[in-house]
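Some notes on the structure that comes next.
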Amino acid sequence: MEIDVSSYTFTRRAWVGASPAFVYGLISDVSRIGQWSPKASAVAYDDGEQPRAGAWFSGHNVKDGRSWITRSQVVEAEPAQRFGFVVGGAADGIVRWDWTLLASGDGTEVRQSWRLLRYDPVLGATPDDVRALRDYMADSAESTLIELSRWIGAHHDLRAYR
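With this note's numbering as the guide, the letters of the sequence shown map in order to residues 1149 to 1310.
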């Protein structure tokens, strides 16, 4: 099946009460994503890797009672600015996730974006399936941003590091 993937994208935004550098430290430590995302857990960089372009990590995902492991590669790692990765790797990946951090008052506007790079049958059998997946991921991203903001707000003990 041939699907034009250009419309399968979204960006969600949230303001958090911490500096871009502090937020970058949280989101680029992929092992922490499970604290904010109900859909991802057991995420970890490969042995010896760290948040840098080219680094690989694995994560456990859950949807509709199914679970699977994904392999992702960091494609952008600019401290206090941007963090991006491609599910499946930079060379032949399926989906790109980007986090963009913009200083805003005494905090940060966090933007989380998702973009389908190419169609793969694992995403669904029809364009409606792929649209439903995009919408599901947009809801998940929004929940993740809300939880990230709440988590930062609740951890006043970290204020000195913001």
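Every residue gets a Cβ at the ideal spot worked out from N, C-alpha and C, and that includes glycine.
The structure presented is a predicted model; accordingly, all values stated were derived computationally and were not measured.
- Residue pairing for L1264: DSSP places it in a beta bridge opposite V1243.
- In the three-state reduction of the DSSP assignment, A1190 falls in the strand class.
- Within the segment 1199 to 1262, the runs of beta strand (DSSP E) at least 3 residues long that lie entirely inside it are, in chain order, 1204 to 1211, 1214 to 1226, 1230 to 1235, 1243 to 1252.
- For W1163, the three-state secondary structure derived from DSSP is strand.
- For W1184, there is no enclosing alpha helix (DSSP H), as DSSP marks it with neither H nor E.
- As the crow flies, the alpha-carbon of L1265 is around 17 Å from that of W1247.
- When the beta-carbon positions are compared, A1190 and H1208 come within less than 8 Å of each other.
- Non-local beta-carbon contacts of S1297 in its own chain, meaning distances under 6 Å to residues more than five positions away in sequence, involve A1162, V1164 in chain order.
- Judged by DSSP secondary structure, E1290 falls within the alpha helix (DSSP H) whose first and last residues are 1275 to 1302.
- Taking the Cα positions, R1282 is about 31 Å away from G1253.
- The residues W1184, S1185, in chain order, have a CB closer than 6 Å to that of T1292 in the same chain once the five nearest residues on each side in sequence are set aside.
- With at least 16 other beta carbons inside 10 angstroms of its own, T1256 counts as buried.
- The residues L1174, in chain order, have a CB closer than 7 Å to that of R1180 in the same chain once the five nearest residues on each side in sequence are set aside.
- Sequence-distant Cβ neighbours of R1230 in its own chain, meaning closer than 6 Å and more than five residues away, are E1224, T1248.
- Taking 8 Å as the cut-off, the Cβ atoms of P1168 and A1238 do not count as close.
- With contacts defined by Cβ atoms closer than 8 Å, R1259 and G1236 do not form a contacting pair.
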